[in-house]
Amino acid sequence: MSEETTKEKEESKPSISFIEQFIIEDLKEGKNDGRIHTRFPPEPNGYLHIGHAKAICLDFGMAQKFGGKCNLRFDDTNPVKEEVEYIDSIKEDIRWLGFDWEEREFYASDYFGKLFDFAIDLIKRGLAYVDDQPADVISAQKGTLTQPGVISSFRKRSVAENLDLFYRMNEGEFEEGSRVLRAKIDMSSPNMLMRDPIIYRILKSPHHRTGEKWKVYPMYDFAHGQSDYFEGITHSLCTLEFEVHRPLYDWLIDQLKTSDYRPRQIEFNRLNLTYTMMSKRKLLELVLEGKVNGWDDPRMPTLCGLRRRGYTPESIRRFIDLIGYTKFEAINDVLLLEHAVREDLNIRVPRVFGVLDPLKVTITNYPRDKVEEVEIINNPEDESMGKRKVPFCNEVLIEREDFMENPPHKFFRLAPGAEVRLKGAYIIKCDSFRKNEKTGVVEEVFCTYDPATRSGGGTSDKKVKGTLHWVSARHAIDAEVRLYDRLFDHEDPAGQKDDDYRKFLNPDSLKILSDCKLEPSLRFAKPFDKFQFQRLGYFCVDYDSTKDHLVFNRTVSLKDTWAKMKK
RNA sequence: UGACCCAUGGUGUAAUUGGCAACACGUCGGAUUUUGGUUCCGCAGAGUCCUGGUUCGAGCCCAGGUGGGUCAACCA
Numbered sequence: 001m002s003e004e005t006t007k008e009k010e011e012s013k014p015s016i017s018f019i020e021q022f023i024i025e026d027l028k029e030g031k032n033d034g035r036i037h038t039r040f041p042p043e044p045n046g047y048l049h050i051g052h053a054k055a056i057c058l059d060f061g062m063a064q065k066f067g068g069k070c071n072l073r074f075d076d077t078n079p080v081k082e083e084v085e086y087i088d089s090i091k092e093d094i095r096w097l098g099f100d101w102e103e104r105e106f107y108a109s110d111y112f113g114k115l116f117d118f119a120i121d122l123i124k125r126g127l128a129y130v131d132d133q134p135a136d137v138i139s140a141q142k143g144t145l146t147q148p149g150v151i152s153s154f155r156k157r158s159v160a161e162n163l164d165l166f167y168r169m170n171e172g173e174f175e176e177g178s179r180v181l182r183a184k185i186d187m188s189s190p191n192m193l194m195r196d197p198i199i200y201r202i203l204k205s206p207h208h209r210t211g212e213k214w215k216v217y218p219m220y221d222f223a224h225g226q227s228d229y230f231e232g233i234t235h236s237l238c239t240l241e242f243e244v245h246r247p248l249y250d251w252l253i254d255q256l257k258t259s260d261y262r263p264r265q266i267e268f269n270r271l272n273l274t275y276t277m278m279s280k281r282k283l284l285e286l287v288l289e290g291k292v293n294g295w296d297d298p299r300m301p302t303l304c305g306l307r308r309r310g311y312t313p314e315s316i317r318r319f320i321d322l323i324g325y326t327k328f329e330a331i332n333d334v335l336l337l338e339h340a341v342r343e344d345l346n347i348r349v350p351r352v353f354g355v356l357d358p359l360k361v362t363i364t365n366y367p368r369d370k371v372e373e374v375e376i377i378n379n380p381e382d383e384s385m386g387k388r389k390v391p392f393c394n395e396v397l398i399e400r401e402d403f404m405e406n407p408p409h410k411f412f413r414l415a416p417g418a419e420v421r422l423k424g425a426y427i428i429k430c431d432s433f434r435k436n437e438k439t440g441v442v443e444e445v446f447c448t449y450d451p452a453t454r455s456g457g458g459t460s461d462k463k464v465k466g467t468l469h470w471v472s473a474r475h476a477i478d479a480e481v482r483l484y485d486r487l488f489d490h491e492d493p494a495g496q497k498d499d500d501y502r503k504f505l506n507p508d509s510l511k512i513l514s515d516c517k518l519e520p521s522l523r524f525a526k527p528f529d530k531f532q533f534q535r536l537g538y539f540c541v542d543y544d545s546t547k548d549h550l551v552f553n554r555t556v557s558l559k560d561t562w563a564k565m566k567k
């Protein structure tokens with residue numbers, strides 16, 4: 001084997017995350033009969049965001065890679081916070097991302113019966129007790145980070161009494177907050193979560209799935225690991241903040257297990273992105289306070305927001321792939337996400353002409369009543385996408401910033417005396433222009449064209465530095481275009497101790513342009529159709545769009561080295 | 001003043017598990033280009049938080065620091 005092929009082989013070898021290494025080790029050791037079974041466990045209390053995408057890609061990705069399965073499980077143990085409306089959106093987002101849980105759609109509430117039985121079992125084994133003290137007393141008795149807790153006077157309650165009380169708790173005999181069920185573990189554990197954690201509380205709100213059946217509901221710690229166990233999950237992947245929960249997770253599994261099978265919890269770093277935040281609670285605030293226009297506002301990091309913005313599932317998966325899984329709490333540059341969409345959209349979407357801020361150009365030597373159809377390649381990256389025809393006449397519109405009366409050095413666009421190519425059509429030369437006397441604004445530019453320079457004509461080998469996009473003034477269609485910028489102007493808006501994140505809201509995060517002109521082929525564009533507006537960026541039809549009123553969202557601009565040079 | 005976790009170019013990750021610190025993004029140059037896009041080529045940028053130890057050899061193992069994160073909801 002030559003040195004080169006060895007090198008290539010090494011380079012193409014994907015690096016493996018610590019999680020994958022754990023899984024491989026477990027497989028080698030023959031754990032759980034060599035099964036791999038994961039789960040994605042959202043709480044139905046909000047919309048999924050790109051941070052969830054990171055978890056989804058891992059959970060489903062590991063299952064796929066090792067020939068296992070991944071369940072979808074709604075962690076619905078708190079009826080007061082959860083709503084059905086979120087369930088459908090969560091399912092839609094997971095499917096959109098490209099993953100399939102097949103028939104394995106589960107709910108933690110499916111296990112309320114089993115969980116209750118397990119609680120009864122713990123009570124019988126002297127491992128759980130009913131505590132009658134109010135929340136503040138229990139909390140105070142928990143001790144502090146440096147001091148051990150105090151043992152509750154109810155800890156020594158008899159099994160019979162505990163049993164009786166717990167059943168009655170569930171019959172609705174007691175008020176919310178009057179009693180809880182606690183696991184009997186260790187009040188002096190250095191891990192606060194092991195100090196007789198509350199495992200059941202009384203809640204009288206109806207549950208979206210079980211209705212009025214239950215009056216006691218399990219806490220997260222008493223539901224999650226057990227649900228994993230009931231479903232035969234082998235690897236329970238979650239974010240770093242659950243690390244301290246792992247001893248409790250394992251303790252409960254130890255009480256539950258009857259064979260060699262046991263699920264293993266592994267924690268990885270949460271996704272943080274610059275110039276945004278992932279807290280569901282804060283995202284909800286933005287929606288409620290009208291700082292954004294709903295959960296699917298294209299500035300939101302939610303999956304529905306990104307989808308509306310024009311992101312593809314492929315680009316999100318690619319991004320997730322690029323950032324990896326570690327135990328380091330990183331803050332990822334949103335630039336990498338933008339790179340990922342550009343990379344994807346570049347190869348798959350057609351190029352079109354759209355002028356956001358039109359300036360009229362009259363070609364004085366082009367016959368007034370003549371209209372030509374010029375043929376333009378849809379995507380230079382992909383021949384198979386074919387060509388289209390675009391009408392051309394003596395009046396065209398160009399981007400206002402593509403003309404300058406007094407151009408700086410290296411300005412390759414239109415200026416008095418300068419020549420540019422109108423892409424796919426002719427080379428034109430600027431002879432003069434007309435300004436509004438009062439405002440000083442340029443209102444019209446007069447050019448002459450060189451008939452020998454028609455694209456593809458081959459009768460002239462004239463070259464010019466600049467090529468502009470354009471639309472025929474007489475054929476162009478109107479559109480509204482929404483330009484988005486980052487929602488916050490601080491890299492880490494939610495991480496500033498002394499400042500509320502609202503202080504960093506970017507006032508220019510949305511710019512609406514209502515006077516844009518597009519080439520006529522866009523007339524029948526449908527919501528979510530994606531295009532590259534030549535020289536400008538990637539745009540996606542918004543669902544606000546109607547037959548008479550086209551609306552586009554800018555997904556991301558093209559890289560702009562000229563803009564960089566100007567700075 | 002506790003327990004647990006973490007620390008590698010600007011950012012995010014990698015390093016065949018103790019053997020020449022690599023990749024991506026970003027940056028800067030150049031070539032190509034009927035998109036100042038794309039593509040291609042190249043430069044710069046860390047000696048791996050600190051101190052010590054083990055070792056022929058340490059980013060990796062050990063000890064002690066420093067810095068950061070998580071944990072004291074009847075939330076998940």
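Using the numbering used here, you'd call the opening residue of the first sequence number 1 and step up by one each time. Note that the Cβ used here is the ideal one computed from N, Cα and C, for glycine as well. From a predicted model like this one, the values you see are computed outputs, not experimental measurements.
With a Cβ-Cβ cutoff of 8 Å, do residue i and residue j count as a contact?
| i | j | result |
| --- | --- | --- |
| I123 | N162 | yes |
| A183 | I202 | no |
| C540 | F552 | yes |
| Y47 | M277 | no |
| F533 | V352 | yes |
| L322 | L273 | no |
| L284 | M300 | no |
| R309 | T555 | yes |
| L550 | A479 | yes |
| I376 | G440 | no |
| R39 | E175 | no |
| R209 | D131 | no |
| Y426 | D450 | yes |
| L345 | Y543 | no |
| P79 | S205 | yes |
| L569 | L414 | Nothing about residue 569 can be reported from this structure: the residues present for the chain run from 1 to 567 only. |
| N378 | M385 | yes |
| I428 | C447 | yes |
Please classify residue i: does DSSP put it in a helix, a strand, or coil?
| i | result |
| --- | --- |
| T319 | Note that residue 319 is Phe in the sequence shown, not Thr. Three-state DSSP puts F319 in a helix. |
| D544 | coil |
| E10 | Low per-residue confidence applies at E10: pLDDT is 36, beneath 50, and the placement is therefore not dependable, though the value from the model is reported in the following sentence. It is helical. |
| T302 | strand |
| H245 | helix |
| P507 | coil |
| T38 | strand |
| Y359 | The sequence shown places Leu at residue 359, not Tyr. In the structure shown, L359 sits in a strand (DSSP, three-state: E or B). |
| E3 | Confidence at E3 is low in this model, with a pLDDT of 34, below 50, so the placement of that residue should be treated as unreliable; the coordinate-derived value is given next. Note: E3 maps to helix in three-state DSSP. |
| H224 | helix |
| E105 | strand |
| F446 | strand |
| A183 | strand |
| Q532 | strand |
| R274 | Checking the displayed sequence, the identity of residue 274 turns out to be Thr instead of Arg. Looking at T274 - three-state DSSP - the assignment turns out to be coil, as it is neither helix nor strand. |
| G354 | strand |
| E338 | helix |
| K435 | strand |
| E372 | strand |
Provide the residue(s) that pair with residue i in DSSP beta bridges, ordered along the chain.
| i | result |
| --- | --- |
| S514 | Its beta-bridge partners do not exist; DSSP assigns none. |
| P218 | Y200 |
| F268 | T239 |
| N332 | L273 |
| H207 | G211 |
| G537 | F533, S557 |
| Are the segment 237-250 and the segment 181-197 touching by the rule of at least three beta carbon pairs closer than 8 Å? | Taking 8 Å as the limit for Cβ pairs, the verdict is that the segment 181-197 does touch the segment 237-250.
| field | Stretch pair the segment 72-85 + the segment 283-292: three plus CB contacts closer than 8 Å | value | No contact exists between the segment 72-85 and the segment 283-292.
| message | Could you tell me which whole beta strand (DSSP E) segments of length 3 or greater appear in the segment 374-431? | response | 387-392, 395-399, 419-422, all fully within the segment 374-431.
| Does the segment 228-242 touch the segment 49-65, meaning 3 or more C-beta pairs lie closer than 8 Å? | Verdict: yes, contact present.
| query | Are the segment 163-178 and the segment 75-91 touching, with three or more C-beta to C-beta distances below 8 Å? | reply | Under the Cβ criterion (8 Å, minimum of three pairs), the segment 163-178 does not count as touching the segment 75-91.
| Is there contact between the segment 474-483 and the segment 436-448, where contact requires at least three CB pairs shorter than 8 Å? | Touching, no, given that fewer than three Cβ pairs across the two stretches are closer than 8 Å.
| request: Give a yes or no on contact between the segment 456-470 and the segment 339-350, applying the rule of three or more CB pairs nearer than 8 Å. | output: Taking 8 Å as the limit for Cβ pairs, the verdict is that the segment 339-350 does not touch the segment 456-470.
| message | In chain order, what are the residue ranges of uninterrupted alpha helix (DSSP H) at least 4 long that sit wholly in the segment 7-95? | response | For secondary structure counted as the alpha helix (DSSP H) over 4 or more consecutive residues, the segment 7-95 holds these complete runs in sequence order: 18-28, 50-65.
| Three or more C-beta pairs below 8 Å linking the segment 359-372 and the segment 329-343 | Segments in contact, no.
| message | Between the segment 18-36 and the segment 258-272, can you find at least three pairs of beta-carbon atoms closer than 8 Å? | response | Taking 8 Å as the limit for Cβ pairs, the verdict is that the segment 18-36 does touch the segment 258-272.
| request: Flag this pair as touching only if the segment 484-499 and the segment 404-420 have three or more C-beta atom pairs under 8 Å; answer yes or no. | output: Inter-segment contact for the segment 484-499 and the segment 404-420 is absent: fewer than three beta-carbon pairs are separated by less than 8 Å.
| query | Looking at C-beta atoms only, is the number of pairs between the segment 207-223 and the segment 106-124 that lie closer than 8 Å three or more? | reply | At 8 Å Cβ cutoff, the stretches touch.
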